[in-house]
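Undergrad: Residue numbers for the sequence shown follow our numbering, so the first one is 86 and each next one is one higher.
Ideal placement from N, C-alpha and C gives every residue a C-beta, glycine not left out.
From a predicted model like this one, the values you see are computed outputs, not experimental measurements.
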Amino acid sequence: MSPTAVTPPAADRSAGLAELLAACVSDPARVSTEVPRRVAAAHDASPYLFTPQAVVRAASAAEVGALMAGARKAGLPLTLRSGGTSLAGQAGGDGILVDVRSHWRTAAVLDDGLRIRLQPGLTVRQANARLARYGRRLGPDPASESACTIGGLVANNSSGMNCGTQDNAYRTMESLQFVLPSGTVVDTAAPDADEALRAREPELHAGLLRLRDRVRDSAASRATVERLFAMKNTMGYGLNSFLDHSDPADMLAHLMIGSEGTLGFVGEAVFRTVPLLPHTATGLLVLRGLAEATDALPALLAAGARTAELLDAASLRVAQQSPDPVDEVRGLRVERHAALLVEFAEDSAEALEERVAAAQPVLDRLPAVTGTALVRDPRVRARLWHLRKGLYTAVAGARRPGTTALLEDIAVPMERLTRTCEGLIGLFDRHGYQDAVIFGHARDGNLHFMLTQDFDSAPEIERYARFTDAMVDLVLNAGGTLKAEHGTGRAMAPFVRRQYGDELYDVMRELKQLCDPHGVLNPGVLLEDDPAAHLHSLKSVPEVDPAVDACVECGYCEPVCPTADATTTPRQRIALQREIALATAAGDDERRRALEAGYTYAAVDSCAADSLCVTACPVTIDTGAVMKRLRAERHSATAQRAGNATARHWGTAVKGVRVALNTAHVLPAPALRAATGAVRRLGAGELVPTWADDIPRGGPARPAPRQPDEPQAVFFAACIGSVFAPEGTTGGASAAFLRLCERAGVQVTVPAELAGLCCGTPWQSKGYTDGHRTMATRTLEALWKASDHGRLPVVCDASSCTHGLEQLPDTLPESDRARFASLRFVDSVAFTAEHLLPALPEPRRMSSLALHPTCSTVHLGIDGALRTVAAAVSDDVTVPDNWGCCAFAGDRGLLHPEITASATAAQAAEINAGAYDAYASCNRTCEMGMTRATGRPYRHVLELLDEATA
C-alpha cells in the first residue's frame, strides 16, 4: 500500500466483501456481513472465539469452490463449519465462515444398509436412524452423536466408546467427494479418480507420491507413524495414509479424514457400516484403585467386553452427588477407588448369554468392592450409562459462572495408562484444578479429563499455560498422543512438531502447501509455529442470566431447534446475550446497538418456545422458557392487565374468535390481508396474523358438561379444538375421543366450567404472567374438584395442552403447588393406548399413514403411545427421517409463517415424495402447520381411530 493510500471505511469493506461473495452463490440472501449474524455464528464448543467478517450458507460443491476462490481474491481465510461441536477451536475463523450444514443433509442407504452415502450436515444420530431399520449403524460412535455432524466426523476422524481404531471414520470410509482450494472436485468412487487427479492437479499428484516415498523410506518416520496410529490419534494429519495406501487419490481421500478443514471440503462420504448389536449386558465394576482397574482390562477385553469405560475416584464422587445415585456407588466411601463400566453386546440373546457365561470366570476373579453383576434391563442399563455420560453435565453445570468447561482427551499405550492417570491427578492438585475428573475409553488407553478454567485474567491464563505444558510433558514422555478423538484444532497445534519431530512435521507442512498453496483454509488450525498460539483469542464468558450462565456453547441444542435455519438457535441466542453484555461493559455502544437491533425478532419473537432445547442440553438449559420470560419483561402494566382480563373472560374470548374466523371466511381475502397487515404494522405483529386462505374456520363448541356415576377420568377438551375447526366433518379430536370412550365402555366427566378454562399456554408463551397465573388458579381449582381431589386422571386431547396443564402448578405459590401435586394429567393418546384400545372393536386398517409426533409428545414421553395408536389403524406407519418440531407453536406459525416454512421444509419434501392413505398428528395447530407445509390433510390420530372402529 502506498503512503497516500486510504483504508476504506469498515462499512465499505463489508459491502465490497458481501458483493464479492454474493457473486459466488446462486442466492445473495445466503451471504451476510451483518454484525449480529457474524457474532452469532462465531461461537462454537471450544474455548476460542473468532468473529468472521462474513457468513455464507453454501449449497453446492461448485459454490464452495467459488467461495474458496473468492476468499483468495479477498485475501481472507476461509473456515468450513457444520455442527460447531468441536472442542479445540477448528470450527471458527476470523475471515469467511462457510456454513455447510443447512443445505447439506441428504442421505442414501445403499446395499440394504451395508453402506451409506452422507452429506456433511446430517448428525450422526440422524444417519444412524436411517440405518437402524436395517440393523446397522455407523462405525464411529462419538458421545456427541446427537449434535456432531458427518462433516465434523470426517474432519476430526471421529471414533467413540466402542469403535476403537478399527471402526473409526478413517477405517470405515469407502469413498469421498471433496473440493480442493483450487476448485477441483475429486470423487474417489470413480474408477478413474487417480488418473483424473493427475490430469487436473499434476503437482499435487506428484507431490503426494514424493511424500509417500519420503515417509516409507525413513525407518524412523515409519516407526513413529506406526506407533502413534496404533492408538487413537487425531494429532496432526493422518500420515498413516502414506503407509496404508499407494495411489495419490486414495492417499488424499484418507488424508482428508482428520484434516479439520485445512486441505479441502468434503461434500459427500460413503461409509461401510457395522452391525447394530441389540442384546447387551452392562455392569459397573468398582475396584479399589486405578491400578486394579487397569490391570483388569486385558482379561475383560479378551473375554469379549466391547466397552470398558474408566471412571476415577473424582468421577465417582461426582456420581454420588446425583439425586438418585446407582446402587454401586450409593453409600460407598470413595477414597482412591476407580470403576470400569463394561458392556457385552451380541446380535442375539443366545449369543449374549454364551458370551457372558464365558466371561463369568474373569468377572468372578476381579477384586470388585460392590460385585460384578451384569444387568440386561434397559432401564437399569440406562441409569448406569447416565452416570458415565452425566459427568460432563454435573461438572459443567456446577462450575462457577464466567468460567469455561474444558474437555480434553489423550491416549497412551495401555501399559502406561495407570501411571498417566496418576500423573494427571497430580497435575490437577499442583495447578489447583480441584474439580477435575478423569474418565474415558479405557479399552483404547484413551482418557478424557474435564476441568473448569477462567480466561478473563492474565494469572488464570498463565496457570492454564503451565498446566498445559506439564500435561504435554506427561503424555509425550509416556509415548502417547495429545489428541485421541477431539482433533488438534488450535488447542494443540503448537505441539504437533514436538509430538512428531521435525521430519514428519515438515511432511505435514509440505502436504498443506501442496493442497492449499495460498493458505486459505483454516490457518492456525492443526499446524502452528507460534508456541503460544493456544493462549490467544480465548473466549470471555460474562454472566448474563442465571438461567443460561451454565451454557457451554456446545451446540447440542441446534439439531432440535426449529428456527435453526431461519433465525437463531438456543446457543446463538445465549451467545448474543453474552456479546451484548461484553459490548456494554466495554462501552462499545455502536456494537451494542447493532447486536440489540435484531435480537427482538431473531431471538425472542421467532423462538417457537417448544423447549426441545432442554431435552438436548447437557446442562438442562431451557432457552425457550428464557425467551418467554423476555417477552414478559417487555410487556407494560396495561398489557399485563389486558392479558389478565382475557383470562378471566376466556369463554367469551373463544366465542369471539370463533365468530371472527367464521365471518372472515365470507369476506374478500384481499381486503382481509390488507386489514390485518395494517393492524400488524400499527404494532400488533405479535397478536394479529396476516390473513391467509388456509386459516380454518372457527371450530365447534367445547363438549357439554357430563357427570356419569362411575367416571374413570376427567376429560379436559382443549380450547384450540374449539378455536379452529378440524379437517373433515367428524367434529375434531374432542368428539372422537368421547365416541371412543363410549364405544369402549369408559365413562368420563366433563367439568361444568370447561368453556372458560385453558391450559395456560397462550399466556405462558406470550409472556402474560398475570393472566397465566389467573388461568392456572381457575383451571386447577376446577380440575381439583372434578377429579375428586386428584383421584381421577385429567385427560386432554391436544398434546401441547397436556404439557401446558402439567406446567400450570409452577405459576402458583408453593402452598398451592403442594395442594395440586396429586393432579395427574394424561394425554388422550396415552389414555387411549392404555385404556381404550383393548376394549375397542378391531379397527379397519389402512395401508399407510404418515405420522407427525409433536414437541409436546417428546416432553410428555408419549411418542410410543402415539405410534401404538397409529399402528392400530395402519399397517405401515411412517415418521419421516427429517421429523422435527413444526414451529407452529400455537399462533407462532400464523404470526411468523416463515419460521414454520423453514422448520418443516425437509420433512414436507420427504412426505411429498411418497404417498400415504392418511396423515396424522395429535395437536390441532401442529396439524395446521403440517397441512400448510405439505398440502396434505393432517388430522388428529384419534379421529382416524374413531372412524376405523365405528
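1. Should Asn997 be labelled buried (16 or more other beta-carbon atoms within 10 Å of its own) or exposed?
2. In terms of residue numbering, what span does the alpha helix (DSSP H) encompassing Tyr590 cover?
3. Count the other CB atoms, across all protein chains shown, that sit within 10 Å of the CB of Glu812; report buried if there are 16 or more and exposed otherwise.
4. Taking the beta carbon of Phe800 as the centre, do at least 16 other beta carbons fall within 10 Å, making it buried, or is it exposed?
5. Within 10 Å of its beta-carbon, does Thr1034 have 16 or more other beta-carbons around it, so buried, or fewer, so exposed?
6. What is the rounded straight-line gap between the Cα of Val419 and the Cα of Gln584?
7. Which residue wins for smallest C-alpha separation from Arg658, given the options Asp673, Thr669, Leu623 and Ala694?
8. So, with DSSP's three-state summary, where would you put Asn213?
9. I'd like to confirm the pairing. Which residues does DSSP put opposite Asn531 in its beta bridges?
10. Could you compute how far the alpha carbon of Gly609 sits from the alpha carbon of Pro452?
11. Let's test the definition: count the other Cβ atoms within 10 Å of the Cβ of Thr273 and tell me whether it reaches 16, buried, or not, exposed.
12. Considering only C-alpha positions, which residue in the set Asn729, Leu1029 and Val689 is nearest to Thr648?
13. Cβ of Glu431 within 8 Å of Cβ of His364?
14. With Met860 as the anchor, note down where its alpha helix (DSSP H) starts and where it stops.
15. Pull up the CB-CB distance for Ala924 and Gly830, whole angstroms please, since I reckon it's below 8 Å.
16. Which residues in the same chain have their Cβ closer than 8 Å to the Cβ of Val633, if we skip the five residues on either side of it in sequence?
17. Compute the Euclidean distance between the alpha carbons of Gly565 and Met320, then round it to the nearest angstrom.
18. How about Arg461: is its C-beta nearer than 8 Å to some C-beta of chain C?
19. For Leu1065, report the span of its beta strand (DSSP E) as first-last.
20. Determine the burial state of Pro88: buried for a count of at least 16 other Cβ atoms within 10 Å of its Cβ, exposed for fewer.
21. Name the one or two DSSP bridge partners that Pro1038 has.
22. Considering only C-alpha positions, which residue in the set Gly517, Arg828 and Thr963 is nearest to Glu927?
23. According to DSSP, simplified to helix, strand and coil, what is Phe540?
24. Out of Glu983, His734, His937 and Val964, point me to the one whose CA is closest to Met860's CA.
25. State the CB to CB distance for the pair Glu838 and Ala867, rounded to an integer number of angstroms; the pair is presumed to be in contact (CB under 8 Å).
26. Please name the residue or residues paired with Val962 in a DSSP beta bridge.
27. Determine the extent of the beta strand (DSSP E) in which Ala139 is found, giving its start and end residues.
28. Would a C-beta distance cut-off of 8 Å place Thr654 and Glu643 closer than the cut-off?
29. What is the DSSP secondary structure of Asp226, reduced to helix, strand or coil?
30. Name the DSSP bridge partner or partners of Met258?
31. Based on DSSP bridge pairs, tell me the residues matched to Phe800.
32. What three-state label does DSSP hand Leu172 in the structure shown?
33. Could you compute how far the alpha carbon of His26 sits from the alpha carbon of Ser884?
34. Buried or exposed for Ala338, please, with buried defined as at least 16 other CB atoms from any protein chain shown within 10 angstroms of its CB.
35. Using DSSP with H/G/I as helix, E/B as strand and the rest coil, what is Glu431?
36. Quick one: Cα of Glu995 to Cα of Thr1016, how far?
TA: So, from the listed chains and residues:
1. exposed
2. Asp587 to Cys600
3. buried
4. buried
5. buried
6. 36 Å
7. Ala694
8. helix
9. Ala496 and His526
10. 48 Å
11. buried
12. Val689
13. yes
14. Thr854 to Ala871
15. 6 Å
16. Ile659, Gln662, Ile706, Thr708 and Val711
17. 11 Å
18. Within the model displayed, chain C is absent; a lone protein chain is all it includes.
19. Limits of the chain in this structure are 86 at one end and 1035 at the other, which puts residue 1065 out of reach.
20. At Pro88, the pLDDT of 37 sits below 50, so the modelled position is not reliable; the number obtained from the coordinates is stated separately. Exposed, since its Cβ has fewer than 16 Cβ neighbours within 10 Å.
21. Outside the modelled stretch of the chain, which goes from 86 to 1035, sits residue 1038, for which no answer is possible.
22. Arg828
23. coil
24. His734
25. 5 Å
26. Leu934
27. Ala139 to Arg142
28. yes
29. strand
30. Phe356
31. Val880
32. coil
33. Here the chain has residues from 86 to 1035 only, and residue 26 is not among them.
34. buried
35. strand
36. 14 Å
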